[in-house]
Structure formats: structure tokens, C-alpha cells
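Asks: Under our numbering, the first residue of the sequence shown carries the number 60, and numbering increases by one thereafter.
Beta carbons are placed, not taken as given, at the ideal position from N, Cα and C, and that holds for glycine.
Computed from a predicted model, the values in this text were never measured in an experiment.
Dropping the structure in here first, questions after.
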Amino acid sequence: MTYVVTENCIACKYTDCVEVCPVDCFYEGENALVIHPDECIDCGVCEPECPADAIRPDTEPGMEQWVEFNRKYSEMWPVIVTKKDPLPEAEERDGESGKMEKYFSEAPGEGG
60 MTYVVTENCI ACKYTDCVEV CPVDCFYEGE NALVIHPDEC IDCGVCEPEC
110 PADAIRPDTE PGMEQWVEFN RKYSEMWPVI VTKKDPLPEA EERDGESGKM
160 EKYFSEAPGE GG
């Protein structure tokens with residue numbers, strides 16, 4: 060099992076989760092985070108830290124696409140270990156549907 064970041068992180072990018080991760084398996088894109096599924100130790104401490112409820116275990120139905128999404132971008136983006144401010148529109152975008160098509164950027168974040 061692993062945990063993955065799902066669509067609700069897009070255009071929010073809360074980083075509360077990265078501070079509690081004991082193995083530093085979060086990676087930062089321009090407007091989202093991902094978890095490297097091969098580095099995650101399945102401890103689950105990140106899941107309750109996400110204000111947007113965007114972190115889910117891969118054992119939930121329909122998570123296969125998010126495992127591959129997280130794998131792909133964790134290999135392209137820099138690691139992030141320090142909490143940063145969420146994106147300015149995070150509160151209004153939290154829970155919005157269709158964020159992948161509307162907002163997702165493949166560009167890397169700054170990391171750090």
C-alpha cells in the first residue's frame with residue numbers, strides 16, 4: 060500500500076503534509092504536490108494533515124490512475140520538505156471538480 064495525492068490538491072497545494080513525512084517522499088509541482096509511491100512507507104501521518112482531504116490510500120477504489128500520476132510527476136519534480144503557504148486561491152478551489160482539466164500544470168515547483 061501507498062498513499063497518493065489526488066485531484067483536490069491541484070490549485071490548492073497545502074503543504075502541511077510535507078512537514079510530517081518521515082521519509083521526505085513529497086514532490087512539488089507548480090500548483091500541486093505528489094507522493095512517490097515507491098518511497099512512501101505507508102505510515103499515514105500525512106493523510107489527516109491535508110486540509111483539502113487530497114491524500115488517500117491506494118487501496119480505495121479508483122486510485123490506480125492517481126498512483127501512476129504520482130509516480131510520473133514525483134520523477135519529474137523536486138522534493139519538498141518544508142511547509143509553504145498554500146496557493147492564493149486555495150480556499151475557493153478546495154473541493155472544486157474538474158481541477159485536472161482546468162488548472163493542472165506539469166511545471167515543477169521550487170522544492171525545498
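Using a C-beta cutoff of 8 angstroms, does residue 113 count as contacting chain D?
Replies: The displayed structure is made up of one protein chain only, and chain D is not part of it.
Asks: Distance, Cα to Cα, residue 63 vs residue 127?
Replies: For the purposes of this step, residue 63 is taken as the residue at position 4 of the sequence shown. For the purposes of this step, residue 127 is taken as the residue at position 68 of the sequence shown. Whole-angstrom Cα-Cα distance: 9 angstroms.
Asks: Among the candidates 83, 117, 82 and 89, whose CA atom is the shortest distance from the CA of residue 167?
Replies: If you number the sequence shown from 1, residue 167 lands on position 108. Nearest C-alpha to residue 167: 89.
Asks: Can you name the residues that DSSP bridges to residue 100?
Replies: One-based indexing of the sequence shown puts residue 100 at position 41. DSSP output for residue 100 lists no bridge partner at all.
Asks: Can you pull the DSSP bridge partners for residue 92?
Replies: By 1-based counting over the sequence shown, the position of residue 92 is 33. DSSP output for residue 92 lists 87 as bridge partner(s).
Asks: Can you grab the Cα-Cα spacing for the pair residue 147 / residue 101, in whole Å?
Replies: Translated into positions along the sequence shown, residue 147 becomes position 88. Translated into positions along the sequence shown, residue 101 becomes position 42. Looking at the two C-alpha atoms, the distance is approximately 30 angstroms.
Asks: Under three-state DSSP, which class holds residue 132?
Replies: Position 73 of the sequence shown, counted from the first residue, corresponds to residue 132. Here residue 132 sits in helix by DSSP.
Asks: Out of 141, 106 and 105, state which residue places its alpha-carbon closest to the alpha-carbon of residue 87.
Replies: Your numbering for residue 87 matches position 28 in the sequence shown. For the residues 141, 106 and 105, the minimum Cα distance to residue 87 belongs to 141.
Asks: Using the C-alpha atoms, what's the distance from residue 82 back to residue 151?
Replies: Taking the sequence shown and counting its residues from 1, one reaches residue 151 at position 92. Taking the sequence shown and counting its residues from 1, one reaches residue 82 at position 23. Each residue's Cα considered, the two are about 31 angstroms apart.
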